[in-house]
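Read through the structure below, which is laid out as structure tokens, and then see the notes.
Dropping the structure here:
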């Protein structure tokens, strides 16, 4: 954790953005009594910062070399050097580390604060676990809003109160023009996807003209792809954020998700085919609906994992960019499968 | 914060589920030196729990009456009674309080831990801010997964490591049968919505038979409603979770969102109408597309806020139950508006 992450995600908060300077740092060669005094003298401007009871120990170049808890300082003889109780295995974050990842690490470690160092190993701040609760809140809100295509403003301030305002409340309290600027661009992109899907129907105009009741199942096929696809990409994006999906297992994960998509398609497609048959009394159309549901579900599950992964690989935020691409691919492929099967089974073969 | 919440949300973790017993509690009448000794003697099984440097002060009935920080204890004369430095204004949580709300409160308060009391005001545990990072992580993952209709298992354990496993990783590592049990039920519900939408097209079979190219815009109208509706319900659900939406402002919020929906519909609908006209060269169909986009966008924004609010009012999780209802309403109403307008303008009036 003391190295910068392999892939810096510049759309996320870094540890350096959220660290504070409410800590005590001393050289190693002073006595425990002196260190305890320094701790008591420490009076940060913000009194809430006094709740961190660690003393960080630096070498002559301000590099972090150890840590001592106030508990240990109180239990040891006053005249002993601080180095006698110093713990040298210090968990630290690099200042460029991702703050959301740091929050999860801190939760696992059960530390109330973790020191932050720069490239030279010099102590530049501490990051507090209560601050990281704010980070989790802001980042999870951001993920959810970005997944629905909301083009949130870049972070300017290092004050997390601002971050929360910017990331969540803005969607409610911003001016109408700001809200439209955030929400409309993605809807225009998604509109292009809708027209592409409409174009697929246009390609099969003759089929639809011949059997107009085929149109009844357009919503069924589109909703199926949409629901399976958003389930998949939500699972995928949470998996990446929480560290459950990475390069070592992504191929296996995508394979499993595609198999899940096939099974879901078989189950839901069977139900849909039965309902379609009861509605119209036509076995040929029921076969087409079944085939389209299975095909759409497989494609939607596959692209629901694959597209966010590709977006992540090129260094973009998968939550922001994946949804319109996934929607367009599953709409176009779902309608192609549906009308393609219909043209084959209903028109040409007359099943 | 020391009262139970007005509406207990039984699908969420409570503070009591995540509290620990890693704290020191003493009577008020002992000396500061004695209290400091008790603090040093305190040796919980889990050494990470020693990072909380507060002493909680109880009356003879174990009710929490004050708190003192180790810092204050070290700075005061050893022989003074602990009551001389005791802070009587103690922020505490009731054990039934919602853990996610507690996490956000702790982040605002900047406390590393907050004491937890029962109905009698007796101290029953403390909740640590690092634990609450876990809570935020688990709850936000859960919100996202539930919004996509995933039927997550009820919480059994009070160990947050289990919670995280249950809530996020299960979607990746569970057996195929478990995954299908979690994901398929909602897809079947959504399938019913898709058939309802298909039924609307069925009602207008004659219109579609007469002008089959109307089918080309079914995906456009459905995608528009879907995208606006999921944006709205995502914003709404985050707003409720973060406390920005409540009974005092919900009517105004819903009104504003509906206005936003209308503006979005006007903007995106204008683009869609121009594209439709360029594609088919028919002004009548362009008018119909424009009207349907505006109508769908208004309905989707309105129900995107209204349905989660109604679900919340009856005590259910809005993230879990809203999506299929919103999808069905916007699909049915969007297609009704589209084909209704088409029947009027294209068939009957021949605009």
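Chains as they are written, first to last, in the UniProt record's numbering: chain A, 1 to 351; chain B, 1 to 351.
Cβ coordinates follow ideal geometry from the N, Cα and C atoms, glycine included.
CA-to-CA distance, residue j to residue i, given in whole angstroms
i: residue 64 of chain A; j: residue 56 of chain A; result: 7 Å
i: residue 241 of chain B; j: residue 91 of chain B; result: 21 Å
i: residue 338 of chain B; j: residue 296 of chain A; result: 25 Å
i: residue 116 of chain A; j: residue 128 of chain A; result: 10 Å
i: residue 206 of chain A; j: residue 342 of chain A; result: 11 Å
i: residue 32 of chain B; j: residue 75 of chain A; result: 16 Å
i: residue 346 of chain A; j: residue 140 of chain B; result: 46 Å
i: residue 336 of chain A; j: residue 303 of chain A; result: 16 Å
i: residue 157 of chain A; j: residue 20 of chain B; result: The pLDDT assigned to residue 157 of chain A is 42, lower than 50, so where the model puts this residue is not dependable, and the model offers no usable value.
i: residue 280 of chain A; j: residue 215 of chain B; result: 19 Å
i: residue 1 of chain A; j: residue 256 of chain B; result: In this prediction, residue 1 of chain A scores a pLDDT of 43, lower than 50, which makes its location untrustworthy; the coordinate-derived value is nonetheless stated afterwards. Computed Cα separation, rounded: 45 Å.
i: residue 82 of chain B; j: residue 108 of chain B; result: 28 Å
i: residue 298 of chain A; j: residue 135 of chain B; result: 34 Å
i: residue 112 of chain B; j: residue 133 of chain A; result: 11 Å
i: residue 340 of chain B; j: residue 199 of chain B; result: 14 Å
i: residue 53 of chain B; j: residue 315 of chain B; result: 38 Å
i: residue 285 of chain B; j: residue 221 of chain B; result: 13 Å
i: residue 148 of chain B; j: residue 122 of chain A; result: 45 Å
i: residue 7 of chain A; j: residue 97 of chain A; result: Below a pLDDT of 50, predicted positions are generally treated as unreliable, and residue 7 of chain A, at 42, falls in that range; the measurement from the model is reported next regardless. Each residue's Cα considered, the two are about 10 Å apart.
i: residue 93 of chain A; j: residue 130 of chain A; result: 16 Å
i: residue 350 of chain A; j: residue 197 of chain B; result: 27 Å
i: residue 263 of chain A; j: residue 306 of chain B; result: 34 Å
Residues bridged to residue i [DSSP beta-bridge criterion]
i: residue 94 of chain A; result: A:117
i: residue 316 of chain A; result: Looking at the DSSP assignment, residue 316 of chain A forms no beta bridge with any residue, so it has no partner.
i: residue 20 of chain A; result: A:126
i: residue 77 of chain A; result: Note: residue 77 of chain A sits in no beta bridge, so no partner.
i: residue 330 of chain A; result: Looking at the DSSP assignment, residue 330 of chain A forms no beta bridge with any residue, so it has no partner.
i: residue 26 of chain A; result: A:57
i: residue 14 of chain A; result: A:98
Buried versus exposed, by CB contacts within 10 Å (16 or more), residue i
i: residue 78 of chain B; result: exposed
i: residue 185 of chain B; result: exposed
i: residue 251 of chain A; result: exposed
i: residue 223 of chain A; result: buried
i: residue 119 of chain B; result: exposed
i: residue 274 of chain A; result: exposed
i: residue 313 of chain B; result: exposed
i: residue 176 of chain A; result: exposed
i: residue 246 of chain A; result: exposed
i: residue 138 of chain A; result: buried
i: residue 249 of chain A; result: exposed
i: residue 348 of chain B; result: exposed
i: residue 143 of chain B; result: buried
i: residue 73 of chain A; result: buried
i: residue 100 of chain B; result: buried
i: residue 13 of chain B; result: buried
i: residue 41 of chain A; result: exposed
i: residue 194 of chain A; result: buried
i: residue 104 of chain A; result: buried
i: residue 89 of chain B; result: exposed
i: residue 95 of chain B; result: buried
i: residue 225 of chain B; result: buried
i: residue 293 of chain A; result: buried
i: residue 269 of chain A; result: buried
i: residue 276 of chain A; result: buried
i: residue 84 of chain A; result: exposed
i: residue 243 of chain A; result: exposed
Span of the alpha helix (DSSP H), counted from its first residue to its last, around residue i
i: residue 370 of chain A; result: For residue 370 of chain A there is no data in the structure shown, the boundaries of chain A being 1 and 351.
i: residue 235 of chain B; result: 218-241
i: residue 280 of chain A; result: 250-280
i: residue 105 of chain A; result: 99-109
i: residue 214 of chain B; result: No alpha helix (DSSP H) contains residue 214 of chain B, which DSSP labels as neither H nor E.
i: residue 245 of chain A; result: Unbroken run through residue 245 of chain A: none, as it is neither H nor E.
i: residue 343 of chain A; result: Taken as a continuous stretch (DSSP letters only), residue 343 of chain A belongs to no alpha helix (DSSP H), as it is neither H nor E.
i: residue 41 of chain B; result: 32-41
The beta strand (DSSP E) enclosing residue i, as first and last residue numbers
i: residue 65 of chain A; result: 64-69
i: residue 58 of chain A; result: 54-58
What are the residues of the segment 255-279 of chain A that lie near chain D, defined by any Cβ-Cβ distance shorter than 9 Å?
No chain D appears in this structure, whose protein chains are A and B.
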